[in-house]
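**Student:**
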Amino acid sequence: MAPIASNTSALLALRCPRCHEGKIFTSRALSFKFADMPEVCPVCGQPTEPEPGFYYGAMFVSYAFSVAIFAVTAVALYFLAGDPAIWVYVVVVGLMAMLFTPLSVRYSRMLMLYLFGGVNYQPNWVRYEPRAQRPAPASLGV
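Shown next as structure tokens:
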């Protein structure tokens, strides 16, 4: 598979920021494990979590996505449904928030990784080879 040339296209395709080939998420968005990520990119070996707790900042980005979903849904209901009763707003906005949660979480993590992960696209990266299992160290007999 050829790498994606642009950073924006690679981010939208949920690909590794270093090689633009490896998939960052291990499962589909419509599964219960929509936020599972491998420890390293399966293609180039780039760590997907640069430091412990790195994705706590993604909560703020996800919050911004949720506010946008709420606002767009409420405005659409107001104009398209003729300002329905308040319970309609609550139900529809709640359903839309639940439907878009997997996408919100995934893209907030990708934005964090691309903007603050300290990794740039390297078209000439070296192919990743997983380390061979090392034998356990022999115990020191005293």
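In terms of my numbering, the sequence shown opens at residue 6 and continues consecutively.
All residues carry an ideal CB built from backbone N, CA and C; glycine is no exception.
In chain order, what residues of the same chain have a beta carbon less than 7 Å from the beta carbon of Ala18, not counting five sequence neighbours either side?
**Tutor:** Result list for Ala18: Ile9, in chain order.
**Student:** Are Phe39 and Val110 closer than 8 Å when you measure CB to CB?
**Tutor:** Result yes, Cβ atoms of Phe39 and Val110 sit closer than 8 Å.
**Student:** Please work out which residues of its chain come closer than 7 Å, Cβ to Cβ, to Asn12, disregarding the five sequence neighbours upstream and downstream, and give them in chain order.
**Tutor:** Tyr119 and Tyr126
**Student:** From Tyr112 to Lys28, what distance separates their C-alpha atoms?
**Tutor:** 13 Å
**Student:** Rounded to whole angstroms, what is the Cα-Cα separation between Met42 and Tyr83?
**Tutor:** 38 Å
**Student:** Please name the residue in Ala90, Gly99, Pro89 and Pro22 whose C-alpha comes closest to that of Thr53.
**Tutor:** Answer by Cα proximity: Pro22.
**Student:** Check whether the Cβ atoms of Tyr60 and Met117 lie closer than 8 Å to each other.
**Tutor:** The answer is yes: Cβ separation under 8 Å.
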